[in-house]
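In this text, residue positions in the sequence shown follow the numbering used here: the first is 3, and each later residue adds one. Using N, Cα and C, we set each Cβ at its ideal position, and we do this for glycine too. Right, one structure below, let's go through it.
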Amino acid sequence: MEPAGGRVAFAYDRMRYHPPEVSGRIATAITAPVEARFRDPHFLELGVGTGRIGVPVLARGYRFTAVDTDPAMLSVFRYKIAGVARKVRLVQADARELPFEKGSFHAVISVHLWHLIPDWQRALLEALRVLAPGGYLFEGWDESVGESEDCRIQERWRAILAEMGFELVRGRHQARLAEVERALTKLGLKPETAVVAEWTEERTPRQSLEAIAERLYSYTRQVPPELYLRSLRELFAWVEAHYRDLDRPYPIRWRFLIRRTER
Ligand SMILES: C[S@@+](CC[C@H](N)C(=O)[O-])C[C@H]1O[C@@H](n2cnc3c(N)ncnc32)[C@H](O)[C@@H]1O
């Protein structure tokens with residue numbers, strides 16, 4: 003994944019926000035089984051980004067190591083943890099080559115990461131290598147539930163690109179999660195998936211446009227810059243004609259899932 007740059011890192015943080023009670027539920031789903039098994043556990047998060055998942059975990063006082071390749075994401079993360087960072091270490095590194103000893107962590111967290119790494123098998127093996135016996139791998143992801151205006155706007159963009167001769171490929175994330183699950187099972191491990199939070203977000207058409215314009219979703223990055231600008235101009239025009247008020251919010255239903263695998 004290309005480094006995001008500071009502006010995009012802040013936009014990422016704003017747009018992919020979890021309400022506090024959702025963050026709390028996710029943190030509990032991750033920390034409770036680890037806490038029950040290990041004293042003073044040490045958590046590692048791969049591709050920590052701006053700390054959407056990591057900050058609520060480390061705020062509970064655990065040892066926490068954050069890894070990301072992108073310095074802009076790590077800087078936003080650093081700002082956010084000022085004051086609660088006593089037991090936190092930030093490491094700019096690649097998940098495929100972790101600078102840690104075998105068995106150094108009691109939990110490894112990976113959220114919205116595997117689909118960004120073409121040779122994800124290396125990252126998965128590294129995650130399992132640095133996990134202590136009996137430790138847990140937590141993979142997490144957000145899923146929207148049902149139809150929403152946000153989906154409609156994204157679908158419209160796909161149609162505009164198709165009219166311009168470009169086929170946008172979506173669904174890589176889900177496909178990768180299935181591949182990783184097969185790999186874990188092949189290794190004799192037993193991944194278990196559960197929905198840990200459900201909520202409704204209010205999002206305006208302007209914000210849906212912003213998410214595409216800032217290339218916040220990895221699938222948007224396939225589109226070459228010139229085509230991107232042309233297609234966005236058309237999309238803006240369509241949204242303006244279609245929605246009378248660009249700032250009137252509409253609901254999006256979300257859920258967050260965690261797949262837990264014991265090492
Ligand atoms: C889609 S963001 C997800 C961030 C965070 N996990 C979340 O859910 O909010 C993916 C993050 O993984 C980082 N990343 C991409 N490839 C990576 C790699 N090979 N090793 C470590 N981090 C990587 C990106 O820089 C980005 O911060």
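To which residues of the same chain is residue 141 closer than 6 Å at the C-beta, ignoring the five residues directly before and after it?
Excluding positions up to five away in sequence, the list reads 112, 261.
Which residues mark the beginning and the end of the beta strand (DSSP E) in which residue 210 is found?
Premise fails: residue 210 lies in the alpha helix (DSSP H), 207-215, not in any beta strand (DSSP E).
How many angstroms separate the CA atom of residue 239 from the CA atom of residue 264?
Taking the straight line from one Cα to the other gives about 50 Å.
Less than 8 Å separating the beta-carbons of residue 251 and residue 206?
Yes. Within cutoff.
Per DSSP, what kind of secondary structure is residue 109 in: helix, strand or coil?
Of the three classes helix, strand and coil, the one that applies to residue 109 here is strand, per DSSP.
Assuming contact is defined by CB atoms lying nearer than 8 Å, are residue 68 and residue 86 in contact in what I supplied?
Not closer than 8 Å, so no.
According to DSSP, residue 45 sits in a beta bridge with which residue or residues?
The partner list for residue 45 (beta bridge, DSSP) reads 66, 109.
Please go through the same chain and pick out, in chain order, the residues whose beta-carbon is closer than 8 Å to the beta-carbon of residue 147, but skip the five residues on each side of it.
The residues are 200, 255, 256, 257.
Taking the straight line between their C-alpha atoms, what separation do you get for residue 236 and residue 208?
So the alpha carbons of these two residues sit roughly 14 Å apart.
So is residue 64 buried or exposed if we call it buried at 16+ other beta carbons inside 10 Å?
The residue is buried, with at least 16 neighbouring Cβ atoms inside 10 Å.
On the three-state DSSP scale, how would you describe residue 55?
The answer is coil: DSSP assigns residue 55 none of H, G, I, E or B.
Taking 7 Å as the cut-off, is the C-beta of residue 139 nearer than that to any heavy atom in ligand 1?
Answer for residue 139: no, Cβ out of range of ligand 1.
Counting beta carbon pairs with one atom in the stretch 86-95 and one in the stretch 113-121, are three or more of them shorter than 8 Å?
Flag = no, the stretch 113-121 and the stretch 86-95 do not touch.
Could you tell me whether any non-hydrogen atom of ligand 1 is closer than 7 Å to the CB of residue 77?
No; taking the cut-off as 7 Å, the Cβ of residue 77 has no heavy atom of ligand 1 nearer than that.
For residue 134, collect the residues of the same chain with a Cβ closer than 6 Å to its Cβ; drop the 5 residues on either side in sequence, then sort them by chain order.
Only 105, 108 meet the Cβ criterion.
I believe residue 163 touches residue 170 by the beta-carbon criterion, under 8 Å. Please report the beta-carbon distance rounded to the nearest angstrom.
About 5 Å separates the two Cβ atoms, so the contact holds.
Given this structure, state the Cα-to-Cα distance separating residue 52 from residue 154, to the nearest angstrom.
Roughly 27 Å separates the two Cα atoms.
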